[in-house]
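Numbering (the numbering used here), first residue to last: 124 to 489.
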Ligand code: NAD
Ligand code: GLY
């Protein structure tokens with residue numbers, strides 16, 4: 124088992140990464156003195172697969188467990204799902220000495236984190252992420268939220284878990300498309316922070332797709348380490364944390380214009396990373412070989428690299444709604460070569476993205 128620490132003073136917490144960790148959930152939770160009365164919150168897809176294992180470990184160790192199930196899907200990342208959780212907690216007399224456990228992908232993790240942040244003004248929670256995206260990104264760093272009909276993640280809080288338990292064995296049941304979506308975020312870490320990790324991913328791609336435990340654990344560990352290091356210096360995204368949104372400006376526009384749900388978040392980010400890399404090349408921050416390397420690695424992970432066809436104005440409008448817009452100017456995360464990045468305000472985004480859409484860097488893609 125591998126272990127990392129997210130160093131945030133009295134809100135610090137461990138991330139444990141291994142295979143078949145769920146069987147020892149109780150042992151791991153007791154290390155951080157997690158409350159013994161818990162609500163295990165999952166959805167109708169993940170619970171039949173893993174709730175039994177976690178519950179057995181907890182109950183064998185004397186924990187008092189209430190399971191709460193939500194419907195599956197981004198469409199249920201809503202205030203209504205929060206209400207289901209609050210109702211169950213209140214009916215079962217959950218007090219401030221109890222805790223919540225999120226068992227599922229990023230949707231469950233984000234909802235449960237926000238429920239924990241707000242129930243009785245805050246109770247402890249643990250993350251047990253079961254998608255690759257949740258294991259390398261959403262379970263770490265304390266961003267919690269639900270959606271509003273007018274936009275994604277608009278109602279939320281920064282609220283850190285007590286512990287993150289990552290069991291890569293859960294990825295065996297994950298649909299291939301979800302695995303690829305998670306790999307997009309893994310590629311992101313290599314591009315923005317670690318050239319040798321990027322090169323390692325190129326070498327180990329096949330093993331990752333074949334779910335080799337050892338390779339998955341190494342990839343998840345390095346990804347979480349990079350994210351933790353960023354969060355440690357900028358927990359609330361007032362500066363450097365924005366680099367974690369590399370590829371997301373154009374990616375969010377792809378998601379928004381195509382209608383949420385048509386692209387997985389990681390798929391849209393893959394397209395956005397090709398855009399970000401080519402913009403970086405156009406601004407002299409990286410070479411065309413770097414752009415090709417990013418694109419080829421994403422293609423090898425079965426990710427889309429072509430933008431859906433929408434007018435430039437629609438893309439510009441959608442990107443204008445991105446959180447990285449300050450005083451009407453577009454701020455982008457650009458990769459400097461591979462393994463480093465910077466946040467820059469770009470002039471003439473209409474010309475830049477117009478050229479990009481006209482000459483999208485796809486030559487050589489089968
Ligand atoms: P998801 O939670 O919807 O999971 C994808 C699908 O896989 C779901 O149908 C889920 O039930 C199923 N699933 C989960 N684990 C499984 C397993 N082991 N086996 C079989 N099926 C399994 O999607 P996601 O990609 O994990 O997360 C996306 C969400 O994460 C979005 O809402 C996004 O806003 C959020 N997010 C949050 C952060 C953050 O920092 N908090 C970062 C990135 C994304
Ligand atoms: N997923 C980006 C962040 O956590 O900041």
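Don't be surprised by glycine CBs; every beta carbon is placed ideally from N, CA and C.
Inset, instruction - Kindly indicate the opening and closing residues of the alpha helix (DSSP H) around residue 511. - result: Because the chain spans 124 through 489 in this model, residue 511 falls outside it and cannot be assessed.
Legend entry - Residue burial classification, residue 371 (beta-carbon count within 10 angstroms, cutoff 16): buried
Inset, instruction - Given a cut-off of 7 Å, decide if residue 235 and residue 243 are closer than it, judged by their beta-carbon atoms. - result: no
Inset, instruction - Thinking residue 229 and residue 256 are a contact (beta carbons under 8 Å), I'd like their distance in whole angstroms, please. - result: 6 Å
Inset, instruction - Given a cut-off of 7 Å, decide if residue 308 and residue 374 are closer than it, judged by their beta-carbon atoms. - result: no
Inset, instruction - May I ask you to check if the CB of residue 264 is nearer than 6 Å to at least one heavy atom of the ligand GLY? - result: yes
Inset, instruction - Find out if the Cβ-Cβ distance for the pair residue 137, residue 251 is shorter than 7 Å. - result: no
Legend entry - Given residue 463 as reference, the closest of 402, 409 and 161 once Cα atoms are compared: 409
Inset, instruction - Out of 241, 203 and 202, point me to the one whose CA is closest to residue 218's CA. - result: 241
Legend entry - heavy atom of the ligand NAD below 6 Å from residue 98 C-beta: Absent from the model: residue 98. The displayed extent of the chain is 124 to 489, so no value can be given.
Legend entry - Runs of alpha helix (DSSP H) wholly within the stretch 374-424 (minimum 4 residues, chain order): 388-405 and 411-423
Legend entry - residue 475 CB to nearest heavy atom of the ligand GLY below 6 Å: no
Legend entry - Which of helix, strand or coil DSSP assigns to residue 137: strand
Inset, instruction - Return the Cβ separation of residue 366 and residue 354 in integer angstroms, given the expectation that the two are a contact with Cβ distance under 8 Å. - result: Wrong, their Cβ atoms sit about 11 Å apart, outside the cutoff.
Legend entry - Cβ-heavy atom distance, residue 257 to the ligand NAD, below 6 Å: yes
Legend entry - Contact test: residue 177 Cβ vs the ligand NAD heavy atom, cutoff 6 Å: no
Inset, instruction - Express the C-alpha separation of residue 199 and residue 423 in angstroms, rounding to a whole number. - result: 32 Å
Inset, instruction - Mind the definition here: the stretch 267-280 touches the stretch 308-322 only if three or more C-beta pairs lie below 8 Å; say whether that holds. - result: no
Inset, instruction - Flag residue 301 as yes when its Cβ comes closer than 6 Å to any non-hydrogen atom of the ligand NAD, and as no otherwise. - result: yes
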